[in-house]
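Peer 1:
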Amino acid sequence: MSALAAYATSTGEAFQFWILGTVAVIGALCTILMRKAVHSALCLAGTMIILAVFYLANGAYFLGIVQIVVYTGAIMMLFLFVVMLVGVTAADSVKETIKGQRWWAAACGLGFGVLLFAGIGNASLDEFTGLGAANTAHGGNVEGLATLIFTKYVFAFEITGALLITASVGAMVLTHRERTERARTQRELAERRVREGKHLPPLPAPGVYARHNAVDVPGLLPDGTPSELTVISTLRERGQVRDVSAEALADLKALEQRSAERLGRGRDEAREGKEATR
Amino acid sequence: MNPVNYLYLAALLFTIGAVGVLIRRNAIVVFMCVELMLNACNLAFVTFSRMHGNLDGQIIAFFTMVVAAAEVVVGLAIIVSVFRSRHSASVDDASLMKL
Amino acid sequence: MSFPLLTVTAAVPAVGAILTAAVPAGRRTAAKWLALLVSLATLVLAGLVFARFEPGGDRYQLTESHAWIKDFGVRYELGVDGIGVALIGLTALLIPFVMLAGWHDADPLETSSKRWRPTQGFFALILMVEAMVILSFEATDVFLFYILFEAMLIPMYFLIGGFGDRAHSGSDENAAAQRSYAAVKFLLYNLVGGLIMLAAVIGLYTVAGNFSLTEIAEARANGTLEMATGTERWLFLGFFFAFAVKAPLWPLHTWLPNAMGEATAPVAVLITAIVDKVGTFAMLRFCLGLFPEASQWATPVIVVLALISIVYGALLAVGQRDIKRLIAYASISHFGFIVLGIFAMTSQGQSGATLYMVNHGISTAALMLVAGFLISRRGSRLIADYGGVQKVAPVLAGTFLIGGLATLSLPGLAPFVSEFLVLVGTFARYPAAGVVATTGIVLAALYVLVLYQRTMTGPVKEEVRSMPDLRPRELAVVAPLIAVLLFLGVFPKPLTDVVNPAVRHTMSDVGKTDPTPEVPVQNVEAAK
Amino acid sequence: MDNLIALLIAAPLLGAAVLLCGGRRLDKTGHWLGTLLAAVSFATAVALFADMLGKGADDRAMHQRLFSWIPVEGFQADIAFQLDQLSMTFVLLITGVGTLIHVYSIGYMEHDERRRRFFGYLNLFVAAMLLLVLADNYLLLYFGWEGVGLASYLLIGFWQHKPSAATAAKKAFLVNRVGDIGLSIAIMLMFTTFGTFAFGPVLASAENATEGKLTAIGLMLLLAACGKSAQVPLQSWLGDAMEGPTPVSALIHAATMVTAGVYLIVRSADIFNAAPDAQLVVTIVGAVTLLFGAIVGCAKDDIKKALAGSTMSQIGYMILAAGLGPVGYVFAIMHLVTHGFFKAGLFLGAGSVMHGMNDEVDMRKYGGLRKYMPVTFITFGLGYLAIIGFPGLSGFFSKDKIIEAAFAKGGTEGWILGAVTLLGAAVTAYYMTRVMLMTFFGEKRWQPDADGRPPHPHESPKSMLVPMILLAVGSVGGGAVFEFSGFTEWLEPVTGFDHGHAPISAAAVTAATVAVMVIGVGLAYLQYGRKPVPVVAPRGSLLTRAARRDLLQDDLNHAVFVTGGTHLTRSLVYVDHTLVDGVVNGTAASVGGLSGRLRKLQNGYVRSYAVSMLGGTAVLIAATLLMRAV
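Chains as they are written, first to last, in my numbering: chain A, 1 to 278; chain B, 279 to 377; chain C, 378 to 905; chain D, 906 to 1535.
This is how it looks when you write it as structure tokens:
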């Protein structure tokens, strides 16, 4: 297949184009329509892999591999990291806030697309040379690219290197936060808390029970209601607090009853058991 | 099959990416859409390279990838630092440049 | 190469402005004296220009020419004809008096901070204006002229907006708002005019290929530069519009009363007596010189506009309640006369218009500066707040009356000569227009005498009872101006000798000759 | 000798400059300096007169050219003087009467703290008036013309603290300016017609021009004369001008300045001779004013205003005579000179009476003053006899000649004009007798003045009496001197002279004149001599009431020009503010509004900008495709 691609197009390639092209378009549409960023990223990765296949089909072997390794492998993973950092489960609101934005976007996009298609259709693209000669001139696709990169485009290549260095330095500068003042000691932090009249002792621990030993479960107040204060703020803000109070109380009651029935113990033991669990 | 179909596909993907930039508010998704547009361009380059029998198109696609990589690095760094200071990755929240 | 006298004449005030601006905050008086000395030095240089200029010689004299922007053929090209000489003389003559009259106008208030240096700024800006105006009278390169024409708006803007009249009704904030309105209005009007002129300048360049006034005029005269009729008319209109705003001609005049009312009296003099003259000067030099056919084509409309300006300005002056606005409307009427004289296309009209520019400058300066002294004493610009000043301050009233009489063109004072020349020149070409313009002299008498009667005569008002008469400094401002008015009223020959040859050139530019009398008198000499 | 002409003007001009700029240190001596310089001018005039008499009749004109005034191509105006017989007559009158009135003013203005300035203004007036009559071209004449207007303005408004005086001064100047339009247009017409406006060439070639042009010039000159000489329809200022000090009324508004119009017409004789239509209008204006002034004079109770009406009427005589052409020019000038004597004398007498009566001007509050002011009474009486044309006195000769000349005009016009002049003579006799009787005869009707002081009539000081006596002498003898010393021959070279063809004999005219004079005196005696004069003016007939209000001219002016003008200027101020300025401000506001809307597009959302980018790209592609398609 790949050897053929260098010289002409085949029915097989057409078959492949229509199947994979459809999938690629669906992937692209999913990328822009999925509410969760992580889903978008996965769809985009799929589209990119299909594009890599197309590169290969078009005789660009080096680019096809690079597409998979660099794009799908590195760049998309970077995206996923950032998505994780920002909040993997957060979904975008579907409500549009700018008046008329969707209509304008649709109109412009449609117009643009139609004009592009018209432009392509209008262009006289009946030339087809194929890459056979070009790829074999230097002994292969990779060698051919290398020859060009290190001769004709060597200057651009070097500058691209400089760009990459600059970009990585820039990314570090942007994400790195320099501490500009001395770190506060425990004592100073305590004093500030007193001064500001905030919660003085450490915050209460989350509700760690025998069955729920997780930090996302709030501790229960003496009357059985859950206390938000016991869960860390990040989880609270993400809305990932699991409220187990009602379930836990019911479970506990059932447990006590069952054990009392099974063991036939009196109320005293039951009370002891209650104290032990506490 | 006429390889021009690849060009139509590239145009379609580019348009979809552009519309995505317009309608999505999450900066990360906007970035992904930009990547999609870049990829569409690359596909066009590669197709042209094949049609003209000339490797220069692939070279340009190669450079595009490198520049895209650099751009993603810096762009995501900016998103992270904006998110750290504003607790939001929405592009609409950064609208202080208006009068 | 000969001594670049013209450049030096303009450069001295420019350098003086920079030096004045650099004087430290504590040395206010030193700054004033420095500025005054610089302006006097400029006056001496202007006198040198006048002396070195030979009326019978070439059209443009004392010329200088250097390449400036080679890619566009822009040159630093200077030269003066008689009209330029007269107006340079006017500018250099008036500036020292303007400074002397505004000696205390820009003193910082007691409460302002120590580092605040308004005085230095005021005098430096005046010198800057002087430099630009003089250079614009000298420029024979259209582009150079355009730049100066626009650039002089900047210092004027700050002079109007930054140093308002301290005599105002209402609160300080209100006055500041009015002032800034006036300054912005001045700037916008003139910028719009300048913008249209810029388009015309570019158009001229595409047609002519260079910016040199002398070269274009010469090429037009000997037929090597053909312009389509439509092109010429559009270019003419572009130039004329800018000059008509500056002049100002009805109905583009409304910025002038605001600007003159809100500015201090010396700055008002600067506007109407000096800066506005650039507009009428440019009509004579650029509109007629570059577009002779279009000028003749537009003449009927312009004559009508000028007549409307004359009558309309005078009638509005009668209806004003504010002394300075009254003088502003009177100036509008007078600018109507100047434009009328220019477009009458007769030697009398154009010589008269040139003399009018000079004389109007001096007479308005005299009237406005005395009005300023009066206003600063009472702290009000309203006519109704005065009465009987003549009794308590006879010298002030007397000088005010002489300024007023000059404004109404009484024979014996300079403006009469020019006004009559304009009227005669207009009448010779357009008798009906001449007759309409003549009504202007009755209306002028009306507004001047009503102003004098209401402010100076009648029972003495309580508020003016303790008003002091003119101080020596103020007398030193007014007396020389009056002396010049009297001298030029009786013996204007030094000026006409310089102006006449230039007008002869302009007349030949437009290809017009004076109408000949119906019954020429053969035995003039015999009869004498 | 020719070079002395400039001295005539220079002396009083110097006086004016020194007195007005000299400051208070000249307060003590200023009036002497002013009088001295006026006298110097008079002495020069006499010397020049003597010189002129020694020459032949045809080369008596003298010229002096100082320098070129306004030289612009064809337009050449010189500062140059021409002293011919006509100018000489005026120069003598101006400097002579002028000097006498300077002397009079020394006494009259004694208690005024601004006497120095008064003399400065008087000197300025004399200089300007001399410039007017000595100029050798119309433009220089215009210079003097406006100069006397200025002096008149300053002197009428001399007591500026009185609003009425300031208003009167302004009114006089403005009405004169309306007349000045005529003079300027006349000069422009001359320039376009002849290419010059010097007397010599213009008058010499007047007959070559078309009659239409000449008529236009003539009518414009008449307009100027109407303004300066208070002729209908520009007469309204003269009555108000009496707000000025009395010597001013005597010098400017009786003897000299107001006669400048007559001078202008007589000077332009050649133009008028060739424009009969203009001449006819001149006579009509003269005739109408003659009666107008006389009627007004009959009704006024203010002694100065009554005399002002009389002045108007007498100048009407002169204008009428000047309109008659060569028949009348000489007599117009002759009447002008005799009028200068007796009217100045009458005004000075009136001033003397007011001086003694606490500045009271209402004749109804005089009465029986002849015993208290004998000298004033006699001099005033002689002036009175002269003006009513009592045989033998100066007015008799000059007025009689004018009436004769009016009849000599010929045809219906001649009869009408003759009748009008005769009627005028009768009315003159009537109102002057009225003045005389109300002031010097009858019962004392004195009233205390505003401060409650009763008047103590007394004779005026010598400095005031001497000029009055001298003028009385002139009033008595002037006419006879002119009649028998050949005044017509003296002026003929300048103005031309023509006896005309009178339809009735000179003797008959004289008899008729005397007869109507007697009738006029008799009527006045019946009304004011036989019956006591009421202190408060009776209501009077409709004509009387109208005449008291200057025949409603002021009301007309007020309604048409003042009220109309005020409305016009107010509405124009409104239009300027709302319409002319409004258009500009409206444009600014709409630009502001538009930009406010455009600003909303700049909402700060990057996605909105991206939409416009994409849209712009689409447009670019479309444009590219279109270009390719085309």
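Backbone N, C-alpha and C fix where the C-beta goes; we use that ideal spot for every residue, glycine too.
All of these numbers come straight from a predicted model, not from anything done at the bench.
Name the chain B residues that come within less than 7 Å of D/Leu1079, Cβ to Cβ?
Peer 2: Ordered by position in chain B, no residue passes the 7 Å Cβ test against D/Leu1079, which lies about 57 Å from the chain.
Peer 1: Residues of chain G with CB under 8 Å from A/Trp18, in chain order?
Peer 2: Of the protein chains in this structure, namely A, B, C and D, none is chain G.
Peer 1: Less than 8 Å between the CB atoms is what I'm expecting for D/Ile1293 and D/Thr1333, so what's the real figure, rounded?
Peer 2: Correct: roughly 6 Å between the Cβ atoms.
Peer 1: Assign D/Gln1065 to one of three DSSP states: helix, strand, or coil.
Peer 2: In the structure shown, D/Gln1065 sits in coil (DSSP, three-state: anything other than H, G, I, E or B).
Peer 1: Alpha carbon to alpha carbon, how far is A/Leu145 from D/Ala1527?
Peer 2: The alpha-carbon atoms of A/Leu145 and D/Ala1527 are separated by roughly 35 Å.
Peer 1: Can you grab the Cα-Cα spacing for the pair A/Leu63 / B/Ala322, in whole Å?
Peer 2: Rounded to whole angstroms, A/Leu63 to B/Ala322 spans 13 Å at the Cα level.
Peer 1: Can you tell me which of C/His630, C/Met505 and C/Gly749 puts its alpha carbon nearest to the alpha carbon of D/Gly1487?
Peer 2: The option with the nearest alpha carbon to D/Gly1487 is C/His630.
Peer 1: Given a threshold of 16 other Cβ atoms within 10 Å of its Cβ, counted over all protein chains shown, does D/Leu1431 qualify as buried or as exposed?
Peer 2: Classification of D/Leu1431: exposed, given that the 10 Å Cβ count is below 16.
Peer 1: Measure the alpha-carbon distance for A/Ala210 versus A/Phe79 and round it to whole angstroms.
Peer 2: In this prediction, A/Ala210 has a pLDDT of 47, which is less than 50 and means its spatial position is unreliable; nothing more can be read from the coordinates.
Peer 1: Name the chain C residues whose beta carbon is nearer than 8 Å to that of D/Lys1133?
Peer 2: Simply none; closest approach about 14 Å.
Peer 1: Quick one: which unbroken alpha helix (DSSP H) runs of 4-plus residues sit fully inside the segment 100 to 155 of chain A? Chain order, please.
Peer 2: For the segment 100 to 155 of chain A, whole alpha helix (DSSP H) runs of length 4 or above, ordered along the chain, are 101 to 122, 132 to 137 and 141 to 150.
Peer 1: Determine the chain B residues that contact A/Leu252 at a beta-carbon separation under 7 Å, and present them in chain order.
Peer 2: What A/Leu252 touches in chain B: nothing, since even the nearest Cβ is about 38 Å away.
Peer 1: Which residues of the segment 987 to 999 of chain D have a Cβ closer than 7 Å to any Cβ of chain C? Give them in chain order.
Peer 2: Answer set for the segment 987 to 999 of chain D: empty.
Peer 1: Please compile the residues from chain B whose C-beta is within a distance smaller than 8 Å of the C-beta of A/Val66.
Peer 2: The answer, in chain order, is Phe340 and Met343.
Peer 1: Exposed or buried, which one is A/Ala183 when buried takes at least 16 other CB atoms within 10 Å?
Peer 2: Exposed is the call here.
Peer 1: From the DSSP output, which residues share a beta bridge with C/Glu441?
Peer 2: BP columns for C/Glu441 point to C/Leu455.
Peer 1: Under the DSSP definition of a beta bridge, which residues are partnered with C/Arg404?
Peer 2: In the DSSP output, where bridge partners are listed per residue, C/Arg404 has none listed.
Peer 1: Which residues of chain A have a Cβ atom closer than 8 Å to the Cβ of D/Val1511, listed in chain order?
Peer 2: None at all; the shortest Cβ gap to chain A is about 10 Å.
Peer 1: So within the segment 1324 to 1407 of chain D, which uninterrupted alpha helix (DSSP H) runs reach at least 4 residues, ignoring any that extend past its ends?
Peer 2: The segment 1324 to 1407 of chain D contains these whole alpha helix (DSSP H) runs: 1367 to 1390 and 1392 to 1400.
Peer 1: Give me the subset of the segment 71 to 96 of chain A whose CB atoms are less than 9 Å from a CB atom of chain B, sorted by chain position.
Peer 2: From the segment 71 to 96 of chain A, only Tyr71, Ala74, Ile75, Met76, Leu78, Phe79, Phe81, Val82, Val83, Leu85, Val86, Gly87, Ala90, Asp92, Ser93 and Glu96 have a Cβ closer than 9 Å to chain B.
Peer 1: B/Val360 lies in the alpha helix (DSSP H); which residues open and close that run?
Peer 2: Looking at the DSSP string, the run of the alpha helix (DSSP H) that includes B/Val360 is Asp334 to Arg364.
Peer 1: Going residue by residue through the segment 963 to 994 of chain D, where are the continuous alpha helix (DSSP H) segments of at least 4 residues, counting only ones entirely within it?
Peer 2: Qualifying alpha helix (DSSP H) stretches: none in this window.
Peer 1: State the start and end residues of the unbroken alpha helix (DSSP H) segment that holds D/His1260.
Peer 2: Looking at the DSSP string, the run of the alpha helix (DSSP H) that includes D/His1260 is Tyr1234 to Gly1261.
Peer 1: Using a Cβ-Cβ cut-off of 8 Å, state whether D/Thr1492 counts as contacting chain A.
Peer 2: Taking Cβ atoms only, chain A never reaches closer than 8 Å to D/Thr1492, which makes this a no.
Peer 1: For D/Gly984, is the classification buried or exposed, using 16 other Cβ atoms within 10 angstroms of its Cβ as the cut-off for buried?
Peer 2: Contrary to the premise, residue 984 of chain D reads as Ile rather than Gly in this sequence. When all chains shown are included, D/Ile984 counts as buried.
Peer 1: What in chain A is Cβ-close to B/Cys311, meaning under 8 Å?
Peer 2: The answer, in chain order, is Thr31 and Ile32.
Peer 1: Can D/Leu1029 and D/Gly1049 be called in contact, C-beta distance under 8 Å?
Peer 2: Going by C-beta atoms, D/Leu1029 is not nearer than 8 Å to D/Gly1049.
Peer 1: Have a look at D/Asn1462 and D/Ala1180 and give me their C-alpha separation to the nearest angstrom.
Peer 2: Cα to Cα, the separation comes out at about 31 Å.
Peer 1: May I ask you to list the residues that DSSP assigns as paired with D/Gly1520?
Peer 2: Answer is none; D/Gly1520 lacks a bridge partner.
Peer 1: Between which residues of its own chain and D/Leu1473 is the CB-CB distance below 7 Å, once the five residues before and five after are set aside?
Peer 2: None.
Peer 1: Distance check for A/His138 and A/Thr147, CA to CA, integer angstroms please.
Peer 2: Roughly 8 Å separates the two Cα atoms.
Peer 1: Could you compute how far the alpha carbon of D/Phe855 sits from the alpha carbon of C/Lys870?
Peer 2: Because chain D spans 906 through 1535 in this model, residue 855 of chain D falls outside it and cannot be assessed.
Peer 1: Please list the partners that A/Leu131 has in chain B, where partner means a Cβ-to-Cβ separation under 8 Å.
Peer 2: In chain order: Ser327, Arg328, Gly331 and Leu333.
Peer 1: Have a look at D/Lys1209, D/Val1171, D/Ile1176 and D/His1404 and flag the residue whose alpha-carbon is nearest the alpha-carbon of D/Ala1121.
Peer 2: For D/Ala1121, the nearest C-alpha among the options comes from D/Ile1176.
Peer 1: Could you tell me the alpha carbon to alpha carbon distance between A/His199 and A/Pro206, rounded to whole angstroms?
Peer 2: For A/His199 and A/Pro206, the distance between alpha carbons rounds to 16 Å.
Peer 1: According to DSSP, simplified to helix, strand and coil, what is D/Pro1181?
Peer 2: Helix, per DSSP.
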